[in-house]
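Heads up, the sequence shown stops at 394 in the working numbering, and the numbers go up one at a time, no gaps. Every residue gets a Cβ at the ideal spot worked out from N, C-alpha and C, and that includes glycine.
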Amino acid sequence: MLNLLAMGRLNGTLIIAMLACAWQPVMASPAGLPGDTLKPVVESRDSAAIGIVQVSGKKNPGGAQIDWNIPVGDDLKQVNIQYSTDGNHFTTISTARAGTTSFKDDWPSSRSTAYYRLEILRDEKPAAYSAIVVISTENSSSYILLQTNPISQVAKLKISSLTAQMFSAEWRTSQGTLIQSQPFQVSAGVNLIQLQAPDDLIAGNYYLRVMSEDKKQRQLFRIVKQ
Numbered sequence: 169m170l171n172l173l174a175m176g177r178l179n180g181t182l183i184i185a186m187l188a189c190a191w192q193p194v195m196a197s198p199a200g201l202p203g204d205t206l207k208p209v210v211e212s213r214d215s216a217a218i219g220i221v222q223v224s225g226k227k228n229p230g231g232a233q234i235d236w237n238i239p240v241g242d243d244l245k246q247v248n249i250q251y252s253t254d255g256n257h258f259t260t261i262s263t264a265r266a267g268t269t270s271f272k273d274d275w276p277s278s279r280s281t282a283y284y285r286l287e288i289l290r291d292e293k294p295a296a297y298s299a300i301v302v303i304s305t306e307n308s309s310s311y312i313l314l315q316t317n318p319i320s321q322v323a324k325l326k327i328s329s330l331t332a333q334m335f336s337a338e339w340r341t342s343q344g345t346l347i348q349s350q351p352f353q354v355s356a357g358v359n360l361i362q363l364q365a366p367d368d369l370i371a372g373n374y375y376l377r378v379m380s381e382d383k384k385q386r387q388l389f390r391i392v393k394q
């Protein structure tokens, strides 16, 4: 695989472009966010409750596989795997105990896109949620992923785009009020983006909405700011 790296800055945003010639995991962004209604964040306000959660997914023959890495502590009770058809309303479809790191879901022939997330339950703490994993059967290499959650001062994104184009990132309160909008450029291929959080952003729960200029790629993340 040939990777070409390039670095630059636009409006204070560090952009590292990586053009890859190999096949990428099929993880596309939700397709219906412009008119969506932002709802209050339900994640824990105790950022330690979620830890550094890494979650990914892929389409397997006959099903989808979700993999994760969650720091296991004495207070970790269980992990609920949640599924959604629209990326907004989730239902628990399975429960995994502490130490489990993967889940396989049957894939109905009528389903073209599926959304998954993890609900992390710890003793005497509110539920915390991972980033959303989107899996599609379509032959597309476009996706938007949040690589770390919670964040400190920087939100790290991995964006695969079929074309070079502008994106925008909107920081919003848990009630949906716009805090700041950041435009940034991506190249065709895989891009590693580091978004600087607004200077006056205090610890708590927020939304980060990322959208391409052509509106074909959209993703809404619920973020815990440390």
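For K324, the enclosing beta strand (DSSP E) covers residues V322 to S329.
Runs of the beta strand (DSSP E) lying entirely within the stretch 309-373, each at least 3 residues long, are 311-314, 322-329, 333-340, 346-354 and 357-364 in chain order. In the three-state reduction of the DSSP assignment, F258 falls in the coil class. Between D274 and G230, the beta carbon gap of about 7 angstroms places them in contact (Cβ cut-off 8 angstroms).
Counting along the chain, E287 sits inside the beta strand (DSSP E) bounded by residues T281 to R290. In the three-state scheme derived from DSSP, where H, G and I count as helix and E and B as strand, Q387 is classed as strand. The shortest C-alpha to C-alpha distance from K326 to any of R340, V301, I347 and Q343 is the one to V301. Here I234 carries a strand assignment [DSSP, helix/strand/coil]. Within the same chain, Q350, L363 and V378 come within 6 angstroms of A337 by CB-CB distance, once the 5 residues on both sides are set aside.
A contact between stretches requires three or more CB pairs, one per stretch, nearer than 8 angstroms, and the stretch 253-269 fails this requirement with the stretch 328-344. Taking C-alpha positions only, V354 is separated from I361 by approximately 8 angstroms. Cβ neighbours of I319 within its own chain (closer than 8 angstroms, five residues either side excluded): A365, I391, V392, K393 and Q394. Cβ-Cβ distances below 6 angstroms link Q233 to K226 and K272 in the same chain, with the five nearest sequence neighbours on each side left out; the list follows chain order. Close CB contacts of I312 within its chain, under the 7 angstroms cut and outside five residues either way in sequence, are with S197, L325, I327, V378, Q385 and Q387 (chain order). Between Q321 and I261, the alpha-carbon positions lie close to 34 angstroms from each other. In this structure, the CA atom of I288 is about 19 angstroms from the CA atom of S342.
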